[in-house]
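Chains as they are written, first to last, in the working numbering: chain A, 963 to 1316; chain B, 1485 to 1602.
Positions of the beta carbon are idealized from the N, C-alpha and C atoms, including for glycine.
Okay, structure coming up:
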């Protein structure tokens, strides 16, 4: 088969068929269009301001590794004037996160960015290994998800950053749209396609890869020979997301634009005012000061259940009632340190890159 | 009987299905059974309908001979499971005819899973 010529420069050999457009393009044009589209997403949504301190939520996986590389390149090329940091959460999963953190430490050197690692052990007094040994593999993703979200915000506050960017890509967002529709989760459906989310007093979060296809992110990492870690979490995967993912990949195989089409559908949904009115008002957790829609935030509820040996109390209402019936928590209960966002000066010494 | 030599690479977590080894070299007969039957030895092909060794046959060969566990994570129907990227000599296989690409001596075929954690 004769090799095909790049549809953009019309000179070099095409090496990639773009899933979004079907265009056949060469290596250099691919790097250029991939980076430029991310740049366009950033400028069209006014994602950053000059001087912003931005933490990249870094897991050592493909998405966050490519995000760190591309943001560093764009920050230099277009002079955004950003201060970039790597922020990693150590969930305490032996044989999984310890290996991927080694990748993040290499990225710290390769990209010359300061790195902060915050562990569940440090923040909550529990590693995921210990949580799973108490509660088993069922529902452990609930703990991990709730704890990670809060840990990222707290790590960001320690770095005194204004903004956390994550590597969520177009495939992830389309998957989440599908999941929220299937679960009837109207509140999340409304916000899952926003490029930026921000709670009352928490740090701004955004997804610069919102429109970047997973295929292109992986191809980019492959052609740039970026160093990333890929393995499945050793604890039970999120089964519901797995189904949505398989379904989405099948749709993509039949029609590659399906991913971007689903995102557009998600963006176009409007929630009626009377539905919005029934949604809970945000407040702050009475115990730890983190944003919450109840008196206690989800992380404090889960932690109390763990500490009192009734871990399911954070998962089901019935178990929660059983816990409440046992009386108030003991005075020496381990709690999460009180949340103090944006204090003015970094509250920790970050590991400087050398 | 002529043969072709291939370099195979697995990445993105796919190597876990293949003895946790990323790089493999293998030799295929240049003519293979038309129905991708990998149980027929290359010297037993007389009377069997054949075709030039193509990527589709290679997939069956990798699944039946090299893969150690969970074949459903590698193949679905007669192709790779959706979400696995394939490169033929550093080019997206979608530009090379996918399974119909006829393998040449010293070709390098790379398989990368996109399905593992980001």
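Does residue i come within less than 8 angstroms of chain A when only Cβ atoms are used?
i, result
"residue 1569 of chain B", "yes"
"residue 1576 of chain B", "yes"
"residue 1549 of chain B", "no"
"residue 1500 of chain B", "yes"
"residue 1517 of chain B", "no"
Looking at the structure shown, is residue i part of a helix, part of a strand, or coil, going by DSSP?
i, result
"residue 1056 of chain A", "coil"
"residue 1311 of chain A", "Residue confidence is low: residue 1311 of chain A scores 47 on pLDDT, short of 50, so the model does not pin down where it sits. Its coordinate-derived value is still stated next. Reduced to three states, the DSSP call for residue 1311 of chain A is coil."
"residue 1045 of chain A", "strand"
"residue 1560 of chain B", "strand"
"residue 1109 of chain A", "helix"
"residue 1580 of chain B", "coil"
"residue 1264 of chain A", "helix"
"residue 1248 of chain A", "coil"
"residue 1255 of chain A", "coil"
"residue 985 of chain A", "coil"
"residue 1519 of chain B", "coil"
"residue 1575 of chain B", "strand"
"residue 1177 of chain A", "helix"
"residue 1306 of chain A", "Note that residue 1306 of chain A has pLDDT 48, beneath the 50 cutoff, so the model's placement of it is unreliable and the number below is only indicative. DSSP places residue 1306 of chain A in coil when its eight states are reduced to three."
"residue 970 of chain A", "coil"
Nearest-angstrom Cα distance between residue i and residue j?
i, j, result
"residue 1562 of chain B", "residue 1540 of chain B", "7 angstroms"
"residue 1229 of chain A", "residue 1030 of chain A", "26 angstroms"
"residue 1118 of chain A", "residue 1212 of chain A", "37 angstroms"
"residue 1308 of chain A", "residue 1122 of chain A", "At residue 1308 of chain A, the pLDDT of 46 sits below 50, so the modelled position is not reliable and the matter cannot be decided from this model."
"residue 1503 of chain B", "residue 1570 of chain B", "19 angstroms"
"residue 977 of chain A", "residue 1596 of chain B", "15 angstroms"
"residue 1534 of chain B", "residue 1525 of chain B", "12 angstroms"
"residue 1019 of chain A", "residue 1579 of chain B", "34 angstroms"
"residue 1129 of chain A", "residue 1289 of chain A", "42 angstroms"
"residue 1244 of chain A", "residue 1012 of chain A", "30 angstroms"
"residue 1138 of chain A", "residue 1517 of chain B", "43 angstroms"
"residue 1153 of chain A", "residue 1542 of chain B", "44 angstroms"
So the candidates are the options; which of them puts its Cα closest to the Cα of residue i?
i, options, result
"residue 1538 of chain B", "B:1511, B:1554 and B:1553", "B:1511"
"residue 1222 of chain A", "A:973, A:969, A:980 and A:971", "A:980"
"residue 1269 of chain A", "A:1256, A:1294 and A:1023", "A:1294"
"residue 1166 of chain A", "A:1008, A:1032 and A:1124", "A:1124"
"residue 1296 of chain A", "A:1290, A:1275, A:1262 and A:1172", "A:1262"
"residue 967 of chain A", "A:1176, A:987 and A:982", "A:987"
"residue 1181 of chain A", "A:1025, A:1010, A:1060 and A:1054", "A:1025"
"residue 1567 of chain B", "B:1497, B:1490, B:1487 and B:1508", "B:1497"
"residue 1194 of chain A", "A:990, A:1022, A:1146 and A:1072", "A:1022"
"residue 1086 of chain A", "A:1054, A:1048, A:1005 and A:1158", "A:1054"
"residue 1089 of chain A", "A:1065, A:1052 and A:1061", "A:1052"
"residue 1172 of chain A", "A:1153, A:1135 and A:1186", "A:1135"
Report yes or no: is there a C-beta of chain B within less than 8 angstroms of the C-beta of residue i?
i, result
"residue 1177 of chain A", "yes"
"residue 1184 of chain A", "yes"
"residue 1061 of chain A", "no"
"residue 985 of chain A", "no"
"residue 1214 of chain A", "yes"
"residue 976 of chain A", "yes"
"residue 1193 of chain A", "yes"
Tell me the residue span of the beta strand (DSSP E) that contains residue i.
i, result
"residue 1041 of chain A", "Per DSSP, residue 1041 of chain A belongs to no beta strand (DSSP E) and is neither H nor E."
"residue 1513 of chain B", "1507 to 1513"
"residue 1502 of chain B", "Note, residue 1502 of chain B: premise wrong, no beta strand (DSSP E); not H, not E."
"residue 1569 of chain B", "1568 to 1572"
"residue 1019 of chain A", "1015 to 1019"
"residue 1125 of chain A", "1125 to 1127"
With residue i as the anchor, note down where its alpha helix (DSSP H) starts and where it stops.
i, result
"residue 1491 of chain B", "Segment 1487 to 1495 is the beta strand (DSSP E) holding residue 1491 of chain B; no alpha helix (DSSP H) there."
"residue 1204 of chain A", "1201 to 1216"
"residue 1592 of chain B", "Note, residue 1592 of chain B: premise wrong, no alpha helix (DSSP H); beta strand (DSSP E) at 1591 to 1597."
"residue 989 of chain A", "989 to 1006"
"residue 1138 of chain A", "1132 to 1145"
What do you reckon, is the C-beta of residue i under 7 angstroms from a heavy atom of the ligand ZN?
i, result
"residue 1155 of chain A", "Inclusion of the ligand ZN in the displayed structure is not the case, the ligand content being empty and no account of it being possible."
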